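Novice: One structure, as C-alpha coordinates, below. Some questions next.
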Amino acid sequence: MKIPGVQWPTTIGEALSIQQKLRKMIILEDSPQVAEAELVTGVDVAFPSPGRGVCAAVTLDREGMVVEQVHAATTLKIPYIPGLLAFREGPPVLAALSKLRHEPDILMFDGQGFAHPRRVGIASHIGVLLGKPSIGVAKTVLCGKLEYKPKNLWETVPLVDRDELIGYAMRTSRKAKNPVYISPGHLVGFETSVAIVKNMCQGYKLPEPTRRAHIIAETLKHKLKHGKEDKTKGK
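First residue of the sequence shown? That's -4 in the working numbering, and the numbers climb one at a time after it.
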(Lines of atoms letter the chains of each structure in order from A and count residues from 1; the text may use other names and numbers.)
(Lines give C-alpha, C1' and ligand atoms only; values in the text may rest on other atoms or scores of the structure.)
Protein backbone atom coordinates (compact mmCIF):
# COMPACT_ATOMS: atom_id res chain seq x y z
CA MET A 1 0.00 0.00 0.00
CA LYS A 2 1.41 3.38 -0.99
CA ILE A 3 1.90 5.73 1.97
CA PRO A 4 2.47 9.49 1.55
CA GLY A 5 5.28 11.21 3.39
CA VAL A 6 4.17 12.54 6.77
CA GLN A 7 5.87 15.19 8.89
CA TRP A 8 5.05 14.39 12.51
CA PRO A 9 4.82 17.27 15.03
CA THR A 10 7.42 17.88 17.72
CA THR A 11 5.26 19.95 20.10
CA ILE A 12 1.76 19.71 21.57
CA GLY A 13 0.86 22.99 19.90
CA GLU A 14 1.77 21.64 16.48
CA ALA A 15 -0.22 18.46 17.13
CA LEU A 16 -3.33 20.39 18.14
CA SER A 17 -3.01 22.59 15.05
CA ILE A 18 -2.81 19.51 12.83
CA GLN A 19 -5.92 18.06 14.47
CA GLN A 20 -7.83 21.26 13.79
CA LYS A 21 -6.90 21.08 10.10
CA LEU A 22 -7.75 17.39 9.82
CA ARG A 23 -11.11 17.93 11.54
CA LYS A 24 -12.21 20.17 8.67
CA MET A 25 -11.32 17.44 6.16
CA ILE A 26 -13.31 14.60 7.74
CA ILE A 27 -16.28 13.36 5.70
CA LEU A 28 -18.90 11.35 7.59
CA GLU A 29 -20.72 10.06 4.53
CA ASP A 30 -20.33 6.80 2.64
CA SER A 31 -17.95 7.00 -0.30
CA PRO A 32 -18.76 4.87 -3.38
CA GLN A 33 -15.84 2.66 -2.38
CA VAL A 34 -17.66 1.55 0.78
CA ALA A 35 -20.61 -0.05 -1.03
CA GLU A 36 -18.24 -2.08 -3.20
CA ALA A 37 -15.79 -2.93 -0.41
CA GLU A 38 -14.18 -6.36 -0.63
CA LEU A 39 -11.26 -6.04 1.79
CA VAL A 40 -11.26 -4.72 5.36
CA THR A 41 -7.97 -4.25 7.20
CA GLY A 42 -7.94 -4.30 10.99
CA VAL A 43 -5.23 -2.27 12.73
CA ASP A 44 -3.96 -2.36 16.32
CA VAL A 45 -0.87 -1.06 18.11
CA ALA A 46 0.90 -2.37 21.20
CA PHE A 47 3.84 -0.95 23.15
CA PRO A 48 6.64 -3.33 24.23
CA SER A 49 8.42 -0.38 25.87
CA PRO A 50 7.76 3.36 26.41
CA GLY A 51 9.85 4.22 23.36
CA ARG A 52 8.77 1.51 20.95
CA GLY A 53 5.51 0.60 19.23
CA VAL A 54 4.48 -2.40 17.17
CA CYS A 55 1.52 -2.39 14.79
CA ALA A 56 -0.28 -5.37 13.29
CA ALA A 57 -2.58 -5.09 10.28
CA VAL A 58 -4.81 -7.98 9.19
CA THR A 59 -6.87 -7.93 5.98
CA LEU A 60 -10.05 -9.99 5.68
CA ASP A 61 -12.43 -10.42 2.76
CA ARG A 62 -16.23 -10.22 2.85
CA GLU A 63 -16.49 -13.84 3.93
CA GLY A 64 -14.20 -13.22 6.89
CA MET A 65 -11.23 -15.10 5.45
CA VAL A 66 -7.74 -13.75 6.13
CA VAL A 67 -6.14 -12.42 2.95
CA GLU A 68 -2.98 -10.93 4.41
CA GLN A 69 -1.34 -9.96 7.68
CA VAL A 70 1.67 -7.71 8.24
CA HIS A 71 3.36 -5.90 11.09
CA ALA A 72 6.03 -3.32 11.81
CA ALA A 73 7.84 -1.97 14.86
CA THR A 74 9.18 1.57 15.14
CA THR A 75 10.69 3.87 17.73
CA LEU A 76 8.36 6.47 19.22
CA LYS A 77 9.21 10.15 19.46
CA ILE A 78 6.05 11.33 21.21
CA PRO A 79 5.06 10.27 24.75
CA TYR A 80 1.53 9.24 25.66
CA ILE A 81 -0.69 12.33 25.80
CA PRO A 82 -4.48 11.90 26.17
CA GLY A 83 -6.25 12.95 22.97
CA LEU A 84 -3.05 12.86 20.91
CA LEU A 85 -2.59 9.10 20.68
CA ALA A 86 -2.71 9.18 16.86
CA PHE A 87 0.62 10.98 16.78
CA ARG A 88 2.18 8.26 18.93
CA GLU A 89 0.61 5.33 17.07
CA GLY A 90 0.84 6.88 13.61
CA PRO A 91 4.44 5.94 12.72
CA PRO A 92 4.10 2.17 13.41
CA VAL A 93 0.65 2.16 11.78
CA LEU A 94 1.91 3.68 8.54
CA ALA A 95 4.99 1.43 8.60
CA ALA A 96 2.78 -1.66 8.82
CA LEU A 97 0.27 -0.49 6.21
CA SER A 98 3.10 0.22 3.78
CA LYS A 99 3.81 -3.54 3.72
CA LEU A 100 0.33 -4.48 2.50
CA ARG A 101 0.34 -6.01 -0.97
CA HIS A 102 -3.46 -5.88 -1.27
CA GLU A 103 -5.06 -2.43 -1.23
CA PRO A 104 -7.70 -2.35 1.53
CA ASP A 105 -11.09 -0.81 0.85
CA ILE A 106 -11.77 0.01 4.50
CA LEU A 107 -9.46 0.47 7.48
CA MET A 108 -10.81 -0.62 10.88
CA PHE A 109 -8.91 0.59 13.94
CA ASP A 110 -8.82 -0.62 17.52
CA GLY A 111 -9.47 2.89 18.80
CA GLN A 112 -11.57 5.99 18.28
CA GLY A 113 -12.73 7.69 15.12
CA PHE A 114 -15.11 10.65 15.46
CA ALA A 115 -15.74 9.77 19.14
CA HIS A 116 -12.85 11.95 20.26
CA PRO A 117 -12.79 15.26 22.19
CA ARG A 118 -11.68 17.08 19.02
CA ARG A 119 -13.35 14.51 16.71
CA VAL A 120 -10.02 13.29 15.33
CA GLY A 121 -9.23 9.86 16.76
CA ILE A 122 -6.72 7.48 15.19
CA ALA A 123 -9.27 6.18 12.65
CA SER A 124 -10.15 9.69 11.48
CA HIS A 125 -6.54 10.85 11.51
CA ILE A 126 -5.15 7.99 9.40
CA GLY A 127 -8.27 7.84 7.23
CA VAL A 128 -7.82 11.46 6.18
CA LEU A 129 -4.06 11.10 5.68
CA LEU A 130 -4.56 8.14 3.35
CA GLY A 131 -7.87 9.19 1.81
CA LYS A 132 -9.36 5.86 2.92
CA PRO A 133 -12.73 4.94 4.43
CA SER A 134 -12.04 4.20 8.09
CA ILE A 135 -13.88 3.12 11.23
CA GLY A 136 -12.94 3.23 14.91
CA VAL A 137 -13.93 0.35 17.19
CA ALA A 138 -12.96 1.10 20.79
CA LYS A 139 -13.21 -0.96 23.96
CA THR A 140 -13.75 2.10 26.17
CA VAL A 141 -15.31 5.56 25.97
CA LEU A 142 -12.95 8.49 25.50
CA CYS A 143 -15.68 11.13 25.55
CA GLY A 144 -19.46 11.30 25.37
CA LYS A 145 -22.26 9.64 27.32
CA LEU A 146 -24.81 6.86 26.85
CA GLU A 147 -28.34 6.87 28.23
CA TYR A 148 -27.71 3.23 29.11
CA LYS A 149 -25.53 0.34 28.00
CA PRO A 150 -27.03 -1.95 25.35
CA LYS A 151 -28.18 -5.22 26.91
CA ASN A 152 -29.36 -7.31 23.98
CA LEU A 153 -27.22 -8.78 21.21
CA TRP A 154 -26.70 -6.23 18.37
CA GLU A 155 -28.56 -3.54 20.29
CA THR A 156 -27.11 -0.07 19.70
CA VAL A 157 -27.24 3.04 21.87
CA PRO A 158 -26.17 6.51 20.65
CA LEU A 159 -22.97 7.95 22.10
CA VAL A 160 -23.50 11.70 22.47
CA ASP A 161 -21.13 14.51 23.43
CA ARG A 162 -22.40 18.07 23.93
CA ASP A 163 -25.62 17.24 22.07
CA GLU A 164 -23.69 15.86 19.09
CA LEU A 165 -23.86 12.25 17.93
CA ILE A 166 -20.30 10.92 17.89
CA GLY A 167 -20.84 7.16 17.69
CA TYR A 168 -22.74 4.12 18.93
CA ALA A 169 -22.28 1.51 21.61
CA MET A 170 -23.16 -1.98 20.38
CA ARG A 171 -23.46 -5.30 22.18
CA THR A 172 -21.55 -7.70 19.94
CA SER A 173 -21.41 -10.79 22.16
CA ARG A 174 -23.65 -12.32 24.80
CA LYS A 175 -20.55 -13.32 26.75
CA ALA A 176 -19.01 -9.84 26.84
CA LYS A 177 -19.96 -7.67 29.80
CA ASN A 178 -19.42 -4.39 27.97
CA PRO A 179 -20.22 -3.19 24.43
CA VAL A 180 -17.83 -1.88 21.81
CA TYR A 181 -17.91 1.79 20.86
CA ILE A 182 -18.14 2.38 17.13
CA SER A 183 -17.51 5.69 15.40
CA PRO A 184 -16.88 6.57 11.76
CA GLY A 185 -13.39 7.76 10.96
CA HIS A 186 -13.58 9.14 7.43
CA LEU A 187 -15.63 8.55 4.28
CA VAL A 188 -18.11 6.32 6.16
CA GLY A 189 -21.42 7.24 7.80
CA PHE A 190 -22.57 6.33 11.30
CA GLU A 191 -25.10 3.65 10.34
CA THR A 192 -22.79 2.08 7.79
CA SER A 193 -19.97 1.91 10.33
CA VAL A 194 -22.22 -0.05 12.69
CA ALA A 195 -23.37 -2.36 9.88
CA ILE A 196 -19.81 -3.12 8.76
CA VAL A 197 -18.64 -3.89 12.29
CA LYS A 198 -21.64 -6.17 12.85
CA ASN A 199 -20.93 -7.99 9.58
CA MET A 200 -17.30 -8.57 10.57
CA CYS A 201 -18.09 -10.07 13.99
CA GLN A 202 -17.70 -13.83 14.39
CA GLY A 203 -18.97 -14.51 17.90
CA TYR A 204 -16.37 -12.50 19.80
CA LYS A 205 -16.67 -9.04 21.34
CA LEU A 206 -14.32 -7.48 18.78
CA PRO A 207 -14.89 -7.62 15.02
CA GLU A 208 -12.57 -10.12 13.39
CA PRO A 209 -10.17 -7.65 11.69
CA THR A 210 -9.23 -5.82 14.89
CA ARG A 211 -9.49 -8.95 17.04
CA ARG A 212 -6.87 -10.69 14.94
CA ALA A 213 -4.70 -7.57 14.73
CA HIS A 214 -4.88 -7.22 18.52
CA ILE A 215 -3.76 -10.82 19.08
CA ILE A 216 -0.77 -10.42 16.76
CA ALA A 217 0.22 -7.02 18.20
CA GLU A 218 0.10 -8.36 21.77
CA THR A 219 2.13 -11.44 20.83
CA LEU A 220 4.80 -9.30 19.18
CA LYS A 221 4.81 -6.93 22.15
CA HIS A 222 5.71 -9.76 24.52
CA LYS A 223 8.39 -11.08 22.16
CA LEU A 224 10.03 -7.67 21.83
CA LYS A 225 9.63 -6.95 25.54
CA HIS A 226 11.63 -10.06 26.39
CA GLY A 227 14.27 -9.43 23.75
CA LYS A 228 13.07 -11.97 21.21
CA GLU A 229 13.47 -10.33 17.82
CA ASP A 230 10.79 -11.35 15.32
CA LYS A 231 12.15 -12.92 12.11
CA THR A 232 9.01 -13.08 9.99
CA LYS A 233 9.36 -9.62 8.41
CA GLY A 234 5.64 -9.06 8.76
CA LYS A 235 4.49 -11.82 6.41
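Even for Gly, the Cβ is constructed at its ideal location relative to N, Cα and C. In this text, all values refer to a predicted model and were calculated from it rather than measured experimentally.
Out of curiosity, what's the CA-to-CA distance linking valine 238 and serine 12?
Specialist: The chain is shown from -4 up to 230; residue 238 falls before or after that span and cannot be answered.
Novice: Please say whether leucine 141 and leucine 154 have beta carbons closer to each other than 8 angstroms?
Specialist: Yes.
Novice: Which whole runs of the beta strand (DSSP E) in the stretch 122 to 206 are 3 residues long or more, in chain order?
Specialist: Annotation note: the stretch 122 to 206 contains the following uninterrupted beta strand (DSSP E) runs of length 3 or greater, listed N- to C-terminal: 129 to 133, 151 to 156, 159 to 165 and 175 to 181.
Novice: Keeping to the same chain, check which residues put their C-beta closer than 6 angstroms to that of leucine 104; ignore five residues upstream and five downstream.
Specialist: Looking at the sequence provided, one finds phenylalanine at residue 104 rather than leucine. So the qualifying residues of the chain are Val38, Ile117, Ala118 and Gly131.
Novice: What's the call for phenylalanine 75, buried or exposed, on a 16-neighbour Cβ count within 10 Å?
Specialist: It is worth fixing the name first, because residue 75 is tyrosine in this sequence and not phenylalanine. With fewer than 16 Cβ atoms within 10 Å of its Cβ, tyrosine 75 is classed as exposed.
Novice: For the pair the stretch 72 to 87 and the stretch 35 to 49, tell me if three or more CB-CB distances fall below 8 angstroms.
Specialist: yes
Novice: Using the three-state DSSP reduction, which class does threonine 70 fall into: helix, strand or coil?
Specialist: strand
Novice: Hey, could you find the ends of the beta strand (DSSP E) serine 44 is sitting in?
Specialist: 34 to 44
Novice: Could you give the C-beta distance for threonine 36 and valine 53, rounded to a whole number, given that I count them as a contact under 8 angstroms?
Specialist: 7 angstroms
Novice: Give the C-beta separation of alanine 164 and threonine 151 to the nearest angstrom, bearing in mind that I take them to be a contact with Cβ-Cβ under 8 angstroms.
Specialist: 7 angstroms
Novice: Measure the Cβ-Cβ separation of alanine 91 and valine 115 and say whether it is below 8 angstroms.
Specialist: Cβ distance not < 8 angstroms, so alanine 91 and valine 115 don't count as in contact.
Novice: Name the one or two DSSP bridge partners that glutamine 64 has.
Specialist: Val53
Novice: Can you tell me the Cα-Cα spacing of proline 77 and lysine 193, whole angstroms?
Specialist: Taking the straight line from one Cα to the other gives about 28 angstroms.
Novice: Give me the residue from Val175, Ala67, Leu55 and Leu215 with the minimum Cα distance to valine 136.
Specialist: Val175
Novice: In chain order, what residues of the same chain lie with their CB nearer than 7 angstroms to the CB of glutamine 14, ignoring the 5 residues before and after it?
Specialist: Arg113 and Val115
Novice: Express the C-alpha separation of isoleucine 191 and arginine 206 in angstroms, rounding to a whole number.
Specialist: 14 angstroms
Novice: With 16 other CB atoms within 10 Å as the buried threshold, where does arginine 157 fall?
Specialist: exposed
Novice: Sorted by chain position, which residues of the same chain lie with C-beta nearer than 8 angstroms to leucine 215's C-beta, five sequence neighbours on each side aside?
Specialist: Ala41, Pro43, Val49, Ala51, His66, Ala68 and Asp225
Novice: Thinking C-beta only, is alanine 110 closer than 8 angstroms to serine 178?
Specialist: Cβ distance < 8 angstroms, so serine 178 and alanine 110 count as in contact.
Novice: Taking 8 angstroms as the limit between beta carbons, can you name the residues of its chain near glycine 59, skipping five residues before and five after?
Specialist: Met195, Gln197 and Glu203
Novice: Where does the unbroken beta strand (DSSP E) through isoleucine -2 begin, and where does it stop?
Specialist: Careful: isoleucine -2 lies outside any beta strand (DSSP E) and carries neither H nor E.
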